[in-house]
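Chains as they are written, first to last, in this note's numbering: chain X, 425 to 582; chain Y, 425 to 582.
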């Protein structure tokens with residue numbers, strides 16, 4: 425058993441999981457803030473040099489999980505680990521967002537696909553040389569992944 | 425307080441944290457396996473269509489954290505959240521690895537920068553349209569990030 429404690433709270437315009445962008449690329453232009461709890465703010469030094477950051481957070485609105493799900497991007501059941509569905513054995517979410525500025529322990533971010541009030545677990549700098557692969561196969565998403573910018577969530581994982 | 429339970433174990437050639445590649449791009453060609461516990465194996469359906477996957481795991485060899493660290497890639501102290509150092513308030517690691525095949529609940533992976541025996545928390549498909557940004561700034565890493573392929577860890581975070 426592993427125990428985690430949030431280091432902050434993510435604030436966004438999305439008060440309910442339904443109707444949200446599905447991925448950060450679908451949340452283009454949507455602004456939000458990340459409030460970092462005071463005892464962790466010293467760790468933000470140098471972060472403002474990065475234009476994009478990786479947020480790891482707790483899917484606090486998800487309860488339980490199924491190993492087969494019909495994802496927002498598809499009409500067929502897929503294996504849970506081949507999807508980004510929020511109901512997972514360990515409900516950790518991952519979003520890469522644009523970092524506009526940091527003021528008084530508040531991160532101002534863009535391209536947000538996260539529900540308001542989400543507990544933040546970690547921040548990592550986004551570095552293309554670590555995280556970016558050119559030629560990839562994306563299985564069941566090969567045909568539909570370009571549509572992520574226009575798709576929205578519904579209530580299936582609420 | 426959030427409680428997590430591992431869904432599997434990552435096996436790699438790296439029995440000690442020192443001397444390891446620093447990021448997956450530094451572990452090019454290094455092979456490993458991920459053993460998924462039987463009760464979660466049904467969730468692996470469709471994952472074999474993806475050439476790259478995101479592993480989230482628990483830095484089980486890390487204890488405690490400091491908010492300022494001297495990263496492997498630098499000689500100066502940086503804010504913890506502007507680094508990938510393993511000693512973090514919530515010690516969750518993230519690696520994007522190549523998935524070669526899945527057999528009997530075992531994932532065969534390449535480009536591994538993870539220590540042997542690491543508890544796996546989650547698997548997500550790597551999808552460039554979700555996770556890949558073109559023009560980015562990478563702060564203190566701008567000058568050194570290309571060297572990540574040849575750098576190796578030492579004992580500073582062991």
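For glycine and all other residues, C-beta sits at the position ideal for the given N, C-alpha and C.
Residues near residue 441(X) in its chain [Cβ-Cβ closer than 7 angstroms; skip 5 each side]: The residue given as residue 441(X) occupies position 17 in the first chain. Excluding its 5 nearest sequence neighbours in each direction, residue 441(X) has C-beta neighbours in its own chain below 7 angstroms: 485, 539, 577, 581, 582, listed in chain order.
Length of the line joining the Cα atoms of residue 559(X) and residue 474(Y): Taking the first chain and counting its residues from 1, one reaches residue 559(X) at position 135. Taking the second chain and counting its residues from 1, one reaches residue 474(Y) at position 50. The straight-line gap from Cα to Cα measures roughly 11 angstroms.
Where residue 554(X) falls: helix, strand or coil (DSSP): Start at 1 with the first residue of the first chain, and residue 554(X) comes out as number 130. Here residue 554(X) carries a helix assignment [DSSP, helix/strand/coil].
Residues within the stretch 538-564 of chain Y neighbouring chain X, beta-carbon criterion of under 7 angstroms: Residues of the stretch 538-564 of chain Y with a Cβ closer than 7 angstroms to any Cβ of chain X, in chain order: 545, 546, 547, 548, 549, 550, 551, 552, 553, 554, 555, 556, 557, 560, 561, 562, 563, 564.
Touch test, the stretch 500-511 of chain X against the stretch 426-439 of chain X, Cβ-Cβ under 8 angstroms, three pairs minimum: Using a Cβ-Cβ distance cut-off of 8 angstroms, the stretch 500-511 of chain X and the stretch 426-439 of chain X are not in contact, since fewer than three pairs of beta carbons, one from each stretch, lie closer than that value.
Proximity test, Cβ basis, 7 angstroms: residue 462(X) and chain Y: Reading the first chain from its first residue, position 38 is the one you call residue 462(X). So, not an interface residue.
Chain-ordered neighbours of residue 482(Y) on chain X, where CB pairs are closer than 8 angstroms: What you label residue 482(Y) is simply residue 58 of the second chain in a count that begins at 1. What residue 482(Y) touches in chain X: 426.
Whole-angstrom distance between residue 453(Y) and residue 555(X), CA atom to CA atom: Indexing the first chain from 1 puts residue 555(X) at position 131. Indexing the second chain from 1 puts residue 453(Y) at position 29. Here the alpha carbons of residue 453(Y) and residue 555(X) stand approximately 16 angstroms from one another.
Of the listed residues 520(X), 498(X), 512(X), 542(X), nearest to residue 459(X) (C-alpha basis): For the purposes of this step, residue 459(X) is taken as residue 35 along the first chain, with counting starting at 1. That would be 542(X), whose Cα lies nearest to the Cα of residue 459(X).
Member of 466(Y), 579(Y), 508(Y), 528(Y) whose CA lies at the smallest distance from the CA of residue 562(Y): The sequence position of residue 562(Y) within the second chain is 138, counting from 1. When 466(Y), 579(Y), 508(Y), 528(Y) are compared, the shortest CA-CA separation from residue 562(Y) is found for 508(Y).
Chain Y contact residues for residue 492(X), given Cβ-Cβ distances below 7 angstroms: Within the first chain, residue 492(X) is the residue found at index 68, counting from 1. Under the 7 angstroms cutoff, chain Y gives 466, 469.
Three-state class that DSSP yields for residue 472(X) in the structure shown: On the first chain, residue 472(X) is found 48 positions in, with the first residue counted as 1. Helix, per DSSP.
Distance between residue 483(Y) and residue 426(X) (C-alpha atoms, nearest Å): Position 2 of the first chain holds residue 426(X). Position 59 of the second chain holds residue 483(Y). Residue 426(X) and residue 483(Y) have their C-alpha atoms spaced approximately 11 angstroms apart.
Reference residue 490(X); option with closest CA among 466(X), 476(X), 513(X), 465(X): By one-based count along the first chain, residue 490(X) stands at place 66. Each of 466(X), 476(X), 513(X), 465(X) was checked against the Cα of residue 490(X), and the nearest Cα belongs to 513(X).
Alpha-carbon to alpha-carbon, residue 532(X) and residue 496(X): Residue 496(X) sits at position 72 when you count from the first residue of the first chain. Residue 532(X) sits at position 108 when you count from the first residue of the first chain. Residue 496(X) and residue 532(X): Cα-Cα distance of roughly 28 angstroms.
Chain-order list of residues whose beta-carbon lies under 7 angstroms from that of residue 522(Y) (same chain, five-residue window excluded): The sequence position of residue 522(Y) within the second chain is 98, counting from 1. Answer for residue 522(Y): 475, 476, 533, 534, 535, listed in chain order.
In DSSP terms, what residue 504(Y) is bridged to: As a working mapping, residue 504(Y) is identified with position 80 in the second chain. Bridge partners of residue 504(Y): none, in fact.
Rounded C-alpha distance that separates residue 445(Y) from residue 451(Y): The residue given as residue 445(Y) occupies position 21 in the second chain. The residue given as residue 451(Y) occupies position 27 in the second chain. If I take the Cα positions, the gap works out to 5 angstroms.
Buried/exposed call for residue 566(X), threshold 16 Cβ in 10 Å: Indexing the first chain from 1 puts residue 566(X) at position 142. So residue 566(X) counts as exposed.
Residue 467(Y) versus 551(Y), 443(Y), 511(Y), 547(Y), residue with shortest Cα-Cα distance: Looking up residue 467(Y) in the second chain gives position 43. Closest by alpha carbon: 547(Y).
CA nearest to the CA of residue 494(X), picked from 510(Y), 470(Y), 480(Y): As a working mapping, residue 494(X) is identified with position 70 in the first chain. Sorting 510(Y), 470(Y), 480(Y) by C-alpha distance to the C-alpha of residue 494(X) places 470(Y) at the top.
Residue 520(Y) versus residue 479(Y) - alpha carbon distance: Taking the first residue of the second chain as position 1, residue 520(Y) is located at position 96. Taking the first residue of the second chain as position 1, residue 479(Y) is located at position 55. When rounded, the distance between both Cα atoms is 6 angstroms.
Any chain X beta carbon closer than 7 angstroms to residue 520(Y): One-based indexing of the second chain puts residue 520(Y) at position 96. Taking 7 angstroms as the threshold, the shortest C-beta distance from residue 520(Y) to chain X falls below it.
Three-state secondary structure assigned by DSSP to residue 465(X): If you number the first chain from 1, residue 465(X) lands on position 41. It is helical.
Under 7 angstroms from the C-beta of residue 512(Y): neighbouring residues of chain X: Residue 512(Y) sits at position 88 when you count from the first residue of the second chain. Simply 546.
Minimum Cβ-Cβ distance from residue 531(X) to chain Y less than 7 angstroms: Counting from one through the first chain, the residue named residue 531(X) turns up at place 107. For residue 531(X), no CB of chain Y lies under 7 angstroms from its own CB, so it is not counted at the interface with that chain.
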